[in-house]
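Residue numbers (our numbering): 206 to 472.
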């Protein structure tokens with residue numbers, strides 16, 4: 206399936222890796238009503254995009270994302286009725302659902318400001334690379350809102366632990382890059398000038414792997430949050446048996462026997 210060229214962020218597809226770049230650097234790449242909707246549609250379309258095997262999401266010119274645009278979103282929200290506000294919060298949550306449902310692994314490349322909904326985008330990704338100047342803040346409390354936003358109370362504790370997540374969500378303070386690395390939010394910290402290249406290199410490594418199996422891993426990591434261990438073992442037995450029916454599994458075996466690197470094709 207051919208992907209539509211987006212209007213509200215940059216899209217680059219090379220070597221089966223799609224790079225999504227939030228691109229309003231003068232305002233630290235905030236999200237708008239339109240970019241929310243287009244990002245959600247894009248991640249939804251990735252479920253049918255066979256030519257995309259991994260995704261990198263990043264921000265232009267030294268910042269990841271400053272959250273919801275103050276003028277485009279925050280101001281209008283203060284004038285909405287209850288029904289309109291619920292439509293908005295469901296719309297923002299739909300973006301996280303789309304990111305978690307798309308089969309491709311998502312790598313967030315985070316530099317500079319990573320705040321509010323921007324922190325949620327990083328959180329909702331599968332892997333995160335940051336720089337030493339990355340400042341990640343779930344700052345909803347600073348504007349009189351709860352930390353219960355776009356799945357943060359469910360996902361963030363699973364990444365960094367309940368106590369640490371609670372502190373960040375109650376206080377709205379910035380998590381330093383070093384804290385993020387120590388706590389498991391970031392998988393790796395790199396120099397700012399190397400960030401995108403490193404994130405794309407990881408994404409290319411994932412894209413060269415077995416796409417069907419990666420999609421199963423992502424799906425099971427998500428589904429097993431709500432399972433006991435016995436149910437998870439049974440679910441994984443069924444999932445792995447499906448992977449053993451793929452041509453990629455047979456290719457890997459034949460490559461091992463022949464002492465060569467397997468070429469995965471996602472089937």
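Backbone N, C-alpha and C define an ideal beta-carbon position, used for all residues, glycine too.
For residue i, the three-state DSSP class (helix, strand or coil)
i	result
residue 349	coil
residue 356	coil
residue 408	helix
residue 307	coil
residue 473	What is shown of the chain runs 206 to 472, which leaves residue 473 out entirely.
residue 395	coil
residue 389	coil
residue 297	helix
residue 242	helix
residue 470	coil
residue 209	coil
DSSP beta-bridge partners of residue i
i	result
residue 380	341
residue 522	The structure shown does not extend to residue 522, since the chain is modelled only from 206 to 472, so the question has no answer here.
residue 226	215, 263
residue 236	273
residue 315	335
First through last residue of the alpha helix (DSSP H) which encompasses residue i
i	result
residue 426	416 to 428
residue 447	434 to 448
Delimiting residues of the beta strand (DSSP E) encompassing residue i
i	result
residue 217	215 to 219
residue 413	From DSSP, residue 413 is part of no beta strand (DSSP E); its letter is neither H nor E.
residue 322	Segment 322 to 329 is the alpha helix (DSSP H) holding residue 322; no beta strand (DSSP E) there.
residue 333	332 to 335
*3-residue-minimum beta strand (DSSP E) runs that sit fully inside the region 245 to 295, ordered along the chain*: Taken in chain order, the complete beta strand (DSSP E) segments of 3 residues or longer contained in the region 245 to 295 are 259 to 264.
*Does the region 274 to 285 touch the region 436 to 450, meaning 3 or more C-beta pairs lie closer than 8 Å?*
When Cβ pairs closer than 8 Å are counted between the two stretches, the region 436 to 450 is seen not to touch the region 274 to 285, the count staying below three.
*Do three or more CB pairs link the region 352 to 360 to the region 319 to 328 at distances below 8 Å?*
The region 352 to 360 is in contact with the region 319 to 328.
*Determine contact between the region 231 to 248 and the region 295 to 310, defined as no fewer than three beta-carbon pairs at a distance below 8 Å.*
With the cut-off at 8 Å, the region 231 to 248 and the region 295 to 310 touch.
_Three or more C-beta pairs below 8 Å linking the region 302 to 316 and the region 388 to 404_ = In the pairwise beta carbon analysis, the region 302 to 316 is classified as touching the region 388 to 404: at least three pairs are separated by under 8 Å.
*Take every Cβ of the region 407 to 423, pair it with every Cβ of the region 376 to 383, and state whether three or more of those distances are shorter than 8 Å.*
They do not touch, by the three-pair rule.
_Touch test, the region 336 to 348 against the region 424 to 435, Cβ-Cβ under 8 Å, three pairs minimum_ = Touching, no.
*Touching or not, the region 258 to 265 and the region 209 to 229, by the rule of three or more beta carbon pairs under 8 Å?*
Segment contact: the region 258 to 265 against the region 209 to 229, three or more CB-CB distances shorter than 8 Å; contact assigned.
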